[in-house]
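Here is the structure we will look at, set down as structure tokens.
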Amino acid sequence: MHTPCVVTGDVDARTMVLREFDGDAWTLRFHTDNRAPKVAAIEADPRMAVLLYDRGAKIQVRLRGTGRIVREGDVVDRAWESSINFAKRCYLGEGPGAVSSEPTSGLPAEFEGVEPTDEQVVPARPNFAVVLFDIIEADWFYLAHTGHLRAQFVRTGGVGEGREPTWDARWVSP
């Protein structure tokens, strides 16, 4: 479930790398370029959905909730520091969606296939942001030849930092 499908309120879908699940806050953390169109979409309409699937376990999880773009602070600093320079270089190039007359990675030529130094990635930091996805609803689906199973969960309280989440849960027919 490392690369779920993430849908923003403008009904645009993309595969993103899941960086962290915080089981206390019930949030998912993703990284993004601050200049990406999805940032403006989330800020204009924070509704989001995430679809995860584990083929081996035969489990699908559909999540609904709200997204937040975080550009500064501890969570962003820790995420940036834990990234390798090869990943940080993605934030050095042109912003996502920049038009080109030929196929391009958008990276500066000197960083194509090359890991930059700590000093070289410093200008990339302002382009880096974190998407925090607050889970409000979850739909868990287990595929089994003996009979599928499905459960739904709705968060009834505790949305936001430092609040203990409470949930209503029910079994439903698949």
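Numbering (numbering that gives the first Met the number 0) for the sequence shown: 0 to 173.
All residues carry an ideal CB built from backbone N, CA and C; glycine is no exception.
- Give me the Cα-Cα distance between Lys57 and Phe140, rounded to the nearest whole angstrom. 8 angstroms
- Got a sec: does the ligand SAH put a non-hydrogen atom nearer than 7 angstroms to the Cβ of Gly72? No copy of the ligand SAH appears in this structure; indeed no ligand is present at all.
- Using a Cβ cut-off of 8 angstroms (strictly closer), state whether His147 contacts chain C. No chain C appears in the structure shown, which is made up of a single protein chain.
- Would you give the residue range spanned by the alpha helix (DSSP H) that Glu42 belongs to? Pro36 to Ala43
- Reduced DSSP category for Val130 - H, G, I as helix; E, B as strand; rest coil: strand
- Task: Could you tell me which of Val10, Thr14 and Asp9 sits nearest to Pro3, measuring between CA atoms?
- Result: Thr14
- Query: Do you know how far the Cα of Gln59 is from the Cα of Arg34?
  - Reply: 31 angstroms
- If we count the other Cβ atoms within 10 Å of its Cβ and call it buried at 16 or more, is Arg28 buried or exposed? buried
- Item | For Pro102 and Asp76, the rounded distance between their alpha carbons | 32 angstroms
- Gln151 - partner residues in DSSP beta bridges: Asp138 and Arg169
- Item | Segment limits, beta strand (DSSP E) that includes Val49 | Arg46 to Asp53
- Message: When you compare the CB positions of Val130 and Ile41, do they come within less than 8 angstroms of one another, or not?
- Response: yes
- Query: Touch check for the segment 110-128 and the segment 86-98: three-plus C-beta pairs under 8 angstroms?
  - Reply: yes
- Query: Taking DSSP as the reference, what is the three-state secondary structure of Val5?
  - Reply: strand
- Give me the Cα-Cα distance between Ala150 and Glu136, rounded to the nearest whole angstrom. 11 angstroms
- Just mark Pro173 as buried or exposed, buried being the case when its beta carbon has 16 or more other beta carbons within 10 Å. exposed
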